[in-house]
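Count the sequence shown with the UniProt record's numbering and you get residues 1 to 185, in order. Remarks on the structure that follows.
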Amino acid sequence: MHAVCRRCPISPLDPPVGPYDHTLGPSTAEFTLVEYGDYECPYCRAAVPVIGQVRERLGDRLRFAFRHFPLHELHPHALAAALAAEMAALEGRFWEMHDAMFAPGPPRLSQDDLARHAETAGVPPERVLWPATRKVEDRVEAGFNAAVRGGVRGTPTLFVNGYQYHGDVTLEALTAALEQEPVSS
């Protein structure tokens, strides 16, 4: 199996990374890594430090985007966590909330936990809890539906330079896949 699938009709990233995405790194970066993730998924949690290492290694050559794919049928707190992250984004604190929810250890995503994460992220806790989160439900649902149409079936699903990645989630494998072919304009 090849790491980056360019022959599969469902593999290209759609929609491409844009201003609506939560990104780290310059928009002009040579490489792009997109993760469809779920805050309660153990595999996404395991990918967090690896993606951090990739970001550190590639520096400003990499743009990283995180997109929500809450598998709420498997993970009962995933949807509430995605909504909380989106509400934190409205406060300009997406990455702080993202990092708090992906802190090492088992996921802590109950409503009380989300309130504590919000405080850690510098967001008023009531902003990340229902009913306030109704404000962003459509955004999370639309992103989830677009991901399904684009071939995302589980988490984490990674896209390397615009194409779905099927390799190991290790520093070496991801870095090699990213450097294999730069983002085409």
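C-beta atoms are modelled at their ideal positions from N, C-alpha and C, and glycine is treated no differently. Just so we're clear, the structure is a prediction, and the values are computed from it rather than from any experiment.
Asked	Found
Less than 9 Å between the C-beta atoms of residue 75 and residue 40, yes or no?	yes
Between which two residues does the alpha helix (DSSP H) harbouring residue 137 extend?	137–149
So, residue 158 versus residue 47, is the Cβ gap smaller than 9 Å?	yes
Among 80, 34, 93 and 49, whose alpha-carbon lies nearest the alpha-carbon of residue 178?	34
Please tell me whether residue 69 and residue 147 are closer than 9 Å, where the distance is taken between their beta carbons.	yes
How many angstroms separate the CA atom of residue 24 from the CA atom of residue 59?	10 Å
Expressed to the nearest angstrom, what Euclidean distance is found between the alpha-carbon atoms of residue 104 and residue 149?	32 Å
With a CB to CB cut of under 6 Å and the five nearest residues on each side skipped, what residues in its chain are close to residue 174?	54
Within the same chain, show all residues whose beta-carbon is closer than 7 Å to that of residue 98, passing over the 5 residues directly before and after it, in chain order.	66 and 85
Hey, would you say residue 14 sits closer than 9 Å to residue 155, going by beta carbons?	no
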